[in-house]
Amino acid sequence: MATQDLGKTSTGIQPNVAALLSYVFGWITGLIFYLIEKENKFVRFHAFQSIVVFGALTVLSIVLAFIPVIGWALIPIVYIAELILWIVLMIKGYQGEKFKLPIAGDMAEKNA
Numbered sequence: 006m007a008t009q010d011l012g013k014t015s016t017g018i019q020p021n022v023a024a025l026l027s028y029v030f031g032w033i034t035g036l037i038f039y040l041i042e043k044e045n046k047f048v049r050f051h052a053f054q055s056i057v058v059f060g061a062l063t064v065l066s067i068v069l070a071f072i073p074v075i076g077w078a079l080i081p082i083v084y085i086a087e088l089i090l091w092i093v094l095m096i097k098g099y100q101g102e103k104f105k106l107p108i109a110g111d112m113a114e115k116n117a
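Position 30 of the sequence shown, counting from 1, maps to 35 under my numbering, and the rest follow consecutively.
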């Protein structure tokens, strides 16, 4: 696999590592990296995508918690999907790939 140049970051962290770290604690680390990274569009893309995806999943989990039976049954499914997505996004970010999810990826591209 050829290593592509992802540019420099204002944090001094390698861009692929910063992209991975943007997902580590979901929307929280996404927000941190989005606010501190001013230069690198690759890192900002992953940070914003993390904010949108994991922010939405957090809200969805809270809403489902208030829905008796059906909501409670769906929460474990959401958590499993969230875990799988979390792992995939961290791997793709570390590999230097701009892995764009539907809707969230479009929003991230516009705001990177």
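From the three backbone atoms N, C-alpha and C, an ideal C-beta is built for every residue, glycine too.
The residues Leu69, Ala70, in chain order, have a CB closer than 7 Å to that of Gly76 in the same chain once the five nearest residues on each side in sequence are set aside.
When DSSP states are grouped into helix, strand and coil, Leu11 belongs to the coil group. Annotation for Gly110: Gln54 place their beta carbon closer than 7 Å to its own, counting only its chain and skipping 5 residues before and after. Around the C-beta of Tyr84, fewer than 16 other C-beta atoms lie within 10 Å, and the residue is accordingly described as exposed.
DSSP, reduced to helix, strand and coil, places Asn45 outside both helices and strands of the structure shown, so it counts as coil. With fewer than 16 neighbouring CB atoms inside 10 Å of its own CB, Ala78 falls in the exposed class.
Residue state for Leu25 is assigned as helix, using DSSP reduced to three classes.
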